[in-house]
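Trainee: In full-length UniProt numbering, the protein residues as written are 1 to 187. Where a beta carbon is used, it is the ideal one built from N, C-alpha and C, also for glycine. Quick caveat: nothing in here was measured; it's all calculated off a predicted structure.
#1: With residue 56 as the anchor, note down where its alpha helix (DSSP H) starts and where it stops.
#2: So, for residue 163: in the same chain, excluding its five sequence neighbours on each side, which residues have a beta-carbon less than 8 Å away from its beta-carbon?
#3: In terms of residue numbering, what span does the alpha helix (DSSP H) encompassing residue 77 cover?
#4: May I ask you to report which of helix, strand or coil DSSP gives residue 129?
#5: For residue 93, which of helix, strand or coil comes out of DSSP?
#6: Given residue 99, which residues of its chain have a CB within under 7 Å of its CB, disregarding the five upstream and five downstream residues?
#7: In chain order, what residues of the same chain have a beta carbon less than 7 Å from the beta carbon of residue 89, not counting five sequence neighbours either side?
#8: With 16 other CB atoms within 10 Å as the buried threshold, where does residue 104 fall?
#9: Are the region 45 to 62 and the region 138 to 154 touching, with three or more C-beta to C-beta distances below 8 Å?
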């Protein structure tokens with residue numbers, strides 16, 4: 001919900017849509033109880049989103065032909081992980097300062113291996129479009145650069161941006177307009 005409250009994600013998307021810079025999108029913001037637990041390769045959280053949230057949204061608002069995921073830090077990790085596991089459900093992923101130093105058996109976001117980057121490198125290219133960015137003064141710069149290099153090597157349609165700032169909402173808010181335009185802009 002910090003994207004909704006702090007970054008004003010929905011307001012930014014609405015403004016872009018009103019200027020015809022964005023295709024119509026439906027946004028669902030999910031507040032984690034414990035992001036460290038839920039976003040860390042959690043099968044329970046995955047089931048909650050896939051078996052409860054998505055069906056409820058589509059039951060109330062109808063199905064949508066295109067779905068995306070977006071997250072910052074550990075939210076970026078879970079977004080990339082779910083898109084990798086369910087490429088038929090999700091077509092677009094936006095990440096900001098994705099915590100790519102993580103592994104399913106680990107638990108230390110400063111020292112774990114870059115497991116998910118390795119999975120993307122080892123698997124066939126998925127039908128995903130990705131917008132990834134990170135700050136230049138944060139510990140996740142090098143892992144995000146390596147992930148972007150994997151995307152380029154595999155031929156993913158993607159955009160990668162570095163901002164001269166750190167791991168915070170001011171940085172992430174700056175990336176919403178270019179990210180939304182790249183992922184959901186009028187084509």
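Mentor: Looking at the coordinates:
#1: As a working note, residue 56 is residue 56 in the chain shown. Residue 56 -> alpha helix (DSSP H) spans 54 to 61.
#2: As a working note, residue 163 is residue 163 in the chain shown. Cβ neighbours of residue 163 beyond the five flanking positions: 133, 134, 135, 136, 171, 174, 175.
#3: As a position in the chain shown, residue 77 is number 77, starting the count at 1. Counting along the chain, the unbroken alpha helix (DSSP H) around residue 77 starts and ends at 74 to 85.
#4: The residue you call residue 129 lines up with position 129 of the chain shown. Note: residue 129 maps to strand in three-state DSSP.
#5: On the chain shown, position 93 is the one that residue 93 refers to. In the three-state reduction of the DSSP assignment, residue 93 falls in the strand class, which pools E and B.
#6: On the chain shown, residue 99 is found 99 positions in, with the first residue counted as 1. Excluding residues within five positions, the ones whose Cβ falls inside 7 Å are 73, 74, 76, 77, 109, 140.
#7: Taking the first residue of the chain shown as position 1, residue 89 is located at position 89. If we look at residue 89 and ignore the five residues flanking it on each side, its Cβ neighbours are 67.
#8: Against the chain shown, residue 104 aligns to sequence position 104. Residue 104 is exposed by the Cβ-count criterion.
#9: no
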